[in-house]
Each structure stands twice: as structure tokens, then as C-alpha cells.
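Visitor: One structure, as C-alpha cells, below. Some questions next.
Protein chains in written order, with the numbering used here: chain S, 7 to 118; chain H, 113 to 220.
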């Protein structure tokens with residue numbers, strides 16, 4: 007089966023702009039997760055979905071961040087009014103129920 | 113706040129040696145434990161999962177879990193230069209909590 011797919015791989019934008027990332031999970035996986043990773047740190051949990059329901063959000067996910075998973079398939083993560091501190095690797099993972107999570111290649115966001 | 117701590121590293125071992133990576137966690141109720149390998153600029157890749165006390169072996173990798181001590185480790189036998197990467201310890205089910213990672217270098 008194909009792995010978790012993320013698009014774009016790299017995004018460079020100016021501070022204050024909005025950005026949207028897409029994640030396509032492994033086809034039979036019902037859970038989808040978003041993490042953020044900065045240099046020298048482990049990934050930090052942002053939010054997760056079971057099917058189309060968003061079940062948990064980290065306090066790291068400020069009001070400028072929103073995630074959706076319409077129809078329980080792909081997911082989007084939008085960041086509004088980007089700030090310098092949003093520069094990071096945004097990782098998507100998926101799993102089948104409680105089984106281990108498998109990560110996509112990530113989207114690297116750079117804020118100018 | 114649930115925490116996962118890994119030795120600060122980095123760790124350097126000669127080719128063929130055993131590399132030992134350690135991790136402690138704060139949430140005594142944790143049930144699921146994982147080791148991910150992350151090459152520079154790449155995403156984390158799952159290499160081991162462990163759920164019960166004791167050892168779990170998969171090829172050259174052995175994960176060890178001691179819930180009483182809240183300790184999980186990863187042993188890599190016959191280390192190869194291709195094992196050079198950052199190893200991330202992760203704990204949890206839906207919400208994984210990761211350590212900062214340990215950078216391993218295997219010298220030919």
C-alpha cells in the first residue's frame with residue numbers, strides 16, 4: 007500500500023499570509039494525526055481525527071490554526087496570519103485504530 | 113504534563129558494536145511505547161513498538177520495557193553506518209509524546 011502523502015513538501019511564505027497543507031493517509035487507516043517538529047526537538051502533537059471527527063486538539067493549536075478531515079479521508083491544516091514562530095516541519099501520521107502511527111514525509115514551512 | 117526524556121547524546125559507536133539508547137517517561141499509566149528512526153531532513157520511521165514488560169527482538173533491534181521503572185530502551189546490535197540517524201522515543205496511544213531524540217553516529 008502507498009504511504010502517507012503530504013503536499014506540498016516545502017512552503018515558503020511571507021509573514022501574515024495564510025497557508026494550507028494537505029495530508030492523504032494510508033487508505034484503510036481511520037485515524038489521522040498532525041504534529042509539528044522544530045530543529046533539535048521531537049515532534050509535538052497538534053491534533054487528531056478518527057474518521058471525520060476531530061477528537062483532540064493541543065493547546066499548541068492556537069486560534070490561527072484549523073484542521074479538517076471532511077468525509078474521513080484526506081485532511082487539511084490551515085495556518086492563518088503566519089508568524090515567524092510557525093516555521094517548522096509539519097508532519098502528518100495515520101494509523102488503523104490503536105495500531106502504531108506511520109508518518110508522511112512532512113511539509114517544511116519557512117516564514118520570511 | 114506528560115514528559116519523555118532521552119539521554120542528551122550524541123552517541124558515537126564503531127561499526128559492529130552495540131548501540132544502547134535509553135528513555136524514561138513520566139506517565140505511569142502509559143501502555144504503548146515506540147522507537148522511531150529519523151534521518152536528517154526526513155520524517156520519523158517506525159522501527160519498534162513494545163507494549164508489555166520485557167524484551168522484544170526484531171532483527172538487529174531489541175526493545176526493552178520496564179514499566180515499574182518507567183524506562184524503555186533500544187539496543188542495536190552489529191551497528192552499521194546506515195544506522196546513523198536520530199532515534200526518537202515516543203510514548204502514548206492517540207497522542208504520542210516524543211523525547212528530543214538521540215543522535216547516533218556509527219563510524220566505519
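Using N, Cα and C, we set each Cβ at its ideal position, and we do this for glycine too.
Rounded C-beta distance between residue 195/H and residue 131/H? I'm assuming under 8 Å.
Guide: With a Cβ gap of about 7 Å, residue 195/H and residue 131/H count as contacting.
Visitor: Can you tell me the Cα-Cα spacing of residue 63/S and residue 205/H, whole angstroms?
Guide: Whole-angstrom Cα-Cα distance: 14 Å.
Visitor: Which one or two residues does DSSP pair with residue 147/H in a beta bridge?
Guide: Partner(s): 160/H, 201/H.
Visitor: Check whether the Cβ of residue 200/H lies closer than 8 Å to any Cβ atom in chain S.
Guide: It does: the Cβ of residue 200/H has a partner Cβ on chain S nearer than 8 Å.
Visitor: Measuring CA to CA, which of 148/H, 212/H, 176/H, 125/H is closest to residue 106/S?
Guide: Nearest of 148/H, 212/H, 176/H, 125/H to residue 106/S, Cα basis: 148/H.
Visitor: Residues of the stretch 155 to 175 of chain H in Cβ contact with chain S at a cutoff of 8 Å, in chain order, please.
Guide: Hits within the stretch, in order: 155, 156, 157, 158, 161.
Visitor: Taking its Cβ as the centre, do 16 or more other Cβ atoms sit within 10 Å of residue 142/H, making it buried, or is it exposed?
Guide: Residue 142/H comes out buried.
Visitor: Given a cut-off of 8 Å, decide if residue 201/H and residue 184/H are closer than it, judged by their beta-carbon atoms.
Guide: Closer than 8 Å, so yes.
Visitor: With distances taken Cα to Cα, identify the nearest neighbour of residue 60/S among 81/S, 96/S, 27/S.
Guide: Out of 81/S, 96/S, 27/S, 81/S has the C-alpha closest to the C-alpha of residue 60/S.
Visitor: Would the beta-carbon of residue 216/H fall within 8 Å of that of residue 199/H?
Guide: Yes.
Visitor: Starting from residue 108/S, find everything on chain H with Cβ-Cβ shorter than 7 Å and list it in chain order.
Guide: Here the neighbours are 158.
Visitor: Identify whether residue 14/S lies in helix, strand or coil by the three-state DSSP scheme.
Guide: It is coil, neither helix nor strand.
Visitor: Along the beta strand (DSSP E) that carries residue 114/S, what are the first and last residues, could you check?
Guide: Its beta strand (DSSP E) spans residues 113 to 117.
Visitor: Can you tell me where the beta strand (DSSP E) with residue 166/H in it begins and where it stops?
Guide: That run of the beta strand (DSSP E) goes 166 to 170.
Visitor: So with Cβ pairs under 8 Å, would you call residue 205/H a contact of chain S?
Guide: Yes, because at least one Cβ of chain S sits closer than 8 Å to the Cβ of residue 205/H.
Visitor: How close, in whole Å, do the beta carbons of residue 41/S and residue 49/S come, if the pair is a contact with beta carbons under 8 Å?
Guide: The pair is a contact, with the Cβ atoms about 4 Å apart (cut-off 8 Å).
Visitor: Looking only at its chain, what residues have a beta carbon closer than 6 Å to the beta carbon of residue 220/H, apart from the 5 residues adjacent to it on each side?
Guide: Excluding sequence neighbours, residue 220/H sits near 127, 193.
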